[in-house]
Every structure is written in C-alpha cells, then in structure tokens.
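Participant: Using this note's numbering, you'd call the opening residue of the sequence shown number 326 and step up by one each time.
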Amino acid sequence: MVALVGVGVLGVGAYLQFGGNQQAGATPSATSASPSAAALGRPAVVPKSSAGRTSTARAGRPTRIDIPQLGVVAPVVAIDAVHAALTPPSDASTVGWWSGGAQPGSKRGSAVITGHTVHNGGGAFDNLGKLVPGSVVRVSTARGQLPYRVATVTTYRKATLAKRAAQLFDQSVRGRLVLVTCEDWNGEVYLSNVVVVALPMA
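(1) Can you look up residue 414 in the DSSP assignment and give me helix, strand or coil?
(2) Since residue 468 contacts residue 396 with CB under 8 Å, what's their CB separation in whole angstroms?
(3) For residue 459 and residue 505, what's the separation of their Cα atoms in angstroms?
(4) Give me whichever residues DSSP pairs with residue 391 in a beta bridge.
(5) Using a Cβ-Cβ cutoff of less than 7 Å, which residues in the same chain neighbour residue 451 once the five nearest sequence positions on both sides are dropped?
(6) How far does the beta strand (DSSP E) with residue 470 in it reach, from first residue to last?
(7) In whole angstroms, give me the CA-to-CA distance for residue 390 and residue 399.
(8) Per DSSP, residue 518 forms a beta bridge with which residues?
(9) So what's residue 501 in DSSP terms, helix, strand or just coil?
(10) Using the Cα positions of residue 512 and residue 383, report the straight-line distance between them to the nearest angstrom.
(11) So residue 457 packs on residue 475, CB below 8 Å; how close in whole Å?
(12) Identify which residue in 485, 499, 521 has its Cα closest to the Cα of residue 430.
(13) According to DSSP, is residue 527 part of a helix, a strand, or is it coil?
(14) Label residue 417 either buried or exposed according to how many other C-beta atoms from any shown protein chain fall within 10 Å of its C-beta, with 16 as the threshold for buried.
(15) Who are the Cβ neighbours of residue 427 in its own chain at under 7 Å, not counting the five residues just before and after it?
(16) Figure out for me which residue from 492, 449, 480 has the closest Cα to the Cα of residue 521.
(17) With a threshold of 16 other CB atoms inside 10 Å of the CB of residue 393, please say whether the residue is buried or exposed.
(18) Use the C-beta contact count for residue 509: other C-beta atoms within 10 angstroms, 16 or more gives buried, fewer gives exposed.
(19) Give the secondary structure of residue 449 by DSSP, where H, G and I count as helix, E and B as strand, and everything else as coil.
(20) DSSP has residue 528 in a bridge; who is on the other side?
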C-alpha cells in the first residue's frame, strides 16, 4: 500500500513511501536478482503541476515508449494525481505519464513517466534498472518520435528519494525525461525506487 506525503519545493514535490522500514542512501542501479514472488510495484510520484511550461513544436502527449535495450514497447496513457498520489495504470504492461507536468519534447520541465514492476514478469518497467548511461529511449507523440539518451540510472532508498524529489522531478530544468518504478522487493514491501533521467538527443 502506498502512503504519500507531498512536499512543495521549486514548484515540484514528491515523497514515495511503500511501508516498512525506511533506509537512507542511494546507490548506482545495477542488475539484481528479484524474488520470484508475484508482487506489483506501484510507484507514486506527486510533483506539483507546472503552469506556464514552454513546449517546442514537437512537444506533445506521449502515446508510446520504446526502450530497445530492454525490448520494451509500451503504450502510454495520461494519469493525474489523485489524493496526492500518482499511480501507474492498472494494466502492468501500460505506463502512465503525469499530465500535470511537462510534455515530452518540452523546452522546460521533467516529463515523468511511471510504470509497474511485477516480480514474476509482465510489468512494463520490470528491468528498468538494467539501463545504463547511453541507453536510448524513444517516446512517440502524435507529432513524431522523440529520442532520449539515458544520463543517469539510480536506485534510491525511500528516505533519500524524498529528500531528492525537488531535484528529480523539477519543472524548471531544461526539458528531460524521468522514468520511475519500484525496486528491491523484500517479500512484503518495496524498499527502493529506480529513477532514470534521460536527456533529449540532438
């Protein structure tokens, strides 16, 4: 069950909490063995809406995300924050774009896309943590396809992610893509989240 506290800083705030003991610290993401127990990760991301964001001609609502390195081709649907929580679509093979934030292709802001992790397979973002800097992510809109190159892949403990939320989901930075999913299932709760930051390719 997701418990959430929103924190507003620089026009953006998020606090992801998935129960259990909180542990601080962030480590570079690496491939790790996942328990075989069937468990569905539901990351909640709650930035504050960014009014007046500026978009390029190619900016638009995302309809699909392609991650060739992972073999991911997933539909994208718009999702809203409900009761201060942003949860991916119930269909684990579909991912959600936070419609209150930047659109992919915007000159400013973090375009946040969040997806499920399912430990027995079937989640669109099951292997998100296996991406590495330099990996390519493509987001399709009605106006064309937007290529991004991964800059960072980091696994954050919940307490650390809460402290870094204003930076990670900032709506004032130059346009970028931020992907989020769950990580580190301990049999009862998810202890961490994988956050991928990708920058537009020239």
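All residues carry an ideal CB built from backbone N, CA and C; glycine is no exception.
Facilitator: The answer reads as follows:
(1) coil
(2) Contact doesn't hold; Cβ gap of about 25 Å is too wide.
(3) 17 Å
(4) 398, 463
(5) 442, 443
(6) 469-482
(7) 5 Å
(8) 481, 507
(9) strand
(10) 43 Å
(11) 7 Å
(12) 499
(13) coil
(14) buried
(15) 375, 378, 433, 434, 435, 436, 496, 500
(16) 480
(17) exposed
(18) buried
(19) coil
(20) In the structure displayed, the chain extends from 326 to 527; residue 528 sits before or after that span and is not available.
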